[in-house]
Amino acid sequence: MGASLWSDVRKLALELGAAKVGVADLALYRDDYGYASKLLRKFRRAISVAWRLSDPIIDAITPDDPTEAYVHHYRAVNQALDYTALRIASLLQRRGYRAMPIPASQSLGEERLYGAISHKAVAALAGLGWIGKSMLLVTEEWGPRVRLVTVLTDCPLEPGEPLECRCGSCRACVEACPAGAVRDVSFKLYPPPLYECFDARACSRRLKEIERNPRYGEEVCGVCVKVCPVGQEHR
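Under the numbering used here, think of the first position of the sequence shown as 9, with each following residue one higher.
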């Protein structure tokens, strides 16, 4: 039943346009900020879905101009991910399991720095990629040029294997970040607490500046996504 159901879930996600899909064991999830504690008590697995971004749109981003095209693409991909998560959750529920889709883009707390659960951490646990120095998920195929969504479930699906960070001595995102938020901290499997390797407040200030610009109206930047060299051979 488990293998057959997973085959159906994976087929559905890929048919809807997803690039990668995997399963994370939530027993390994590190809840640094306490937002996910209630969810982790109810669900033992998470399905992670990655949607590949458009290379021409990402390539056009500059530090001074994330471009209106990227803003539209960002919103459209989030909508596609949310719909995919909804369809997966519906499939799981029809098979008798509990399932909860987590919005692709949602921030909680007074400073709105973090989501209910980290899509990137879940994707890394599922083996879709590794967490890079930029704190983005980096896939082998396309680097960080993906957006993510998560479906929590009590279905005992077989989880993937987390990947170790392969950033090595690369400093592309460290040197390119307009906010100076990436701190060039090396690690293997799991990054240290976020404040040690990434200045989330500096990143947030930069994103809010962009959001206030009427050309954009969205918290997007994309520079670290653009400059990562991983996956260049697939572009």
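Backbone N, C-alpha and C fix where the C-beta goes; we use that ideal spot for every residue, glycine too.
Assigned secondary structure, residue i (DSSP; H/G/I helix, E/B strand, else coil)
{"i": "isoleucine 69", "result": "coil"}
{"i": "aspartate 90", "result": "helix"}
{"i": "aspartate 16", "result": "helix"}
{"i": "valine 79", "result": "helix"}
{"i": "lysine 28", "result": "strand"}
{"i": "valine 85", "result": "helix"}
{"i": "serine 62", "result": "coil"}
{"i": "valine 190", "result": "strand"}
{"i": "arginine 214", "result": "helix"}
{"i": "alanine 35", "result": "helix"}
{"i": "valine 228", "result": "coil"}
{"i": "arginine 102", "result": "helix"}
{"i": "alanine 112", "result": "coil"}
{"i": "alanine 44", "result": "coil"}
{"i": "valine 57", "result": "strand"}
Supposed close pair residue i, residue j - CB separation, criterion 8 Å
{"i": "valine 231", "j": "proline 71", "result": "6 Å"}
{"i": "cysteine 175", "j": "lysine 141", "result": "5 Å"}
{"i": "tryptophan 138", "j": "glutamate 172", "result": "6 Å"}
{"i": "alanine 21", "j": "threonine 92", "result": "6 Å"}
{"i": "leucine 47", "j": "isoleucine 125", "result": "6 Å"}
{"i": "leucine 202", "j": "alanine 208", "result": "6 Å"}
{"i": "alanine 189", "j": "phenylalanine 206", "result": "6 Å"}
{"i": "proline 170", "j": "leucine 145", "result": "The pair is not a contact, with the Cβ atoms about 11 Å apart (cut-off 8 Å)."}
{"i": "threonine 161", "j": "tyrosine 105", "result": "6 Å"}
{"i": "lysine 28", "j": "leucine 136", "result": "5 Å"}
{"i": "alanine 26", "j": "valine 130", "result": "So it is not a contact: roughly 14 Å between Cβ atoms."}
{"i": "proline 200", "j": "valine 193", "result": "6 Å"}
{"i": "leucine 215", "j": "arginine 103", "result": "Not really, about 39 Å apart at Cβ, beyond 8 Å."}
Reference residue i, options the options, closest by Cα
{"i": "glutamate 217", "options": "Val29, Glu23, Gly25 and Asp73", "result": "Asp73"}
{"i": "isoleucine 69", "options": "Ser194, Cys236, Cys229 and Val182", "result": "Cys229"}
{"i": "threonine 75", "options": "Tyr224, Pro237 and Pro167", "result": "Tyr224"}
{"i": "glutamine 240", "options": "Lys28, Arg49, Arg153 and Glu219", "result": "Arg153"}
{"i": "serine 177", "options": "Ser12, Glu23, Val238 and Asp39", "result": "Val238"}
Counting Cβ pairs closer than 8 Å, one from the stretch 98–118 and one from the stretch 21–40, do we hit at least three?
no
4-residue-minimum alpha helix (DSSP H) runs that sit fully inside the stretch 114–179, ordered along the chain
127–133
Say whether the stretch 74–81 touches the stretch 42–59, bearing in mind that this needs 3 or more beta-carbon pairs closer than 8 Å, one atom from each stretch.
no
Does the stretch 154–165 touch the stretch 62–69, meaning 3 or more C-beta pairs lie closer than 8 Å?
no
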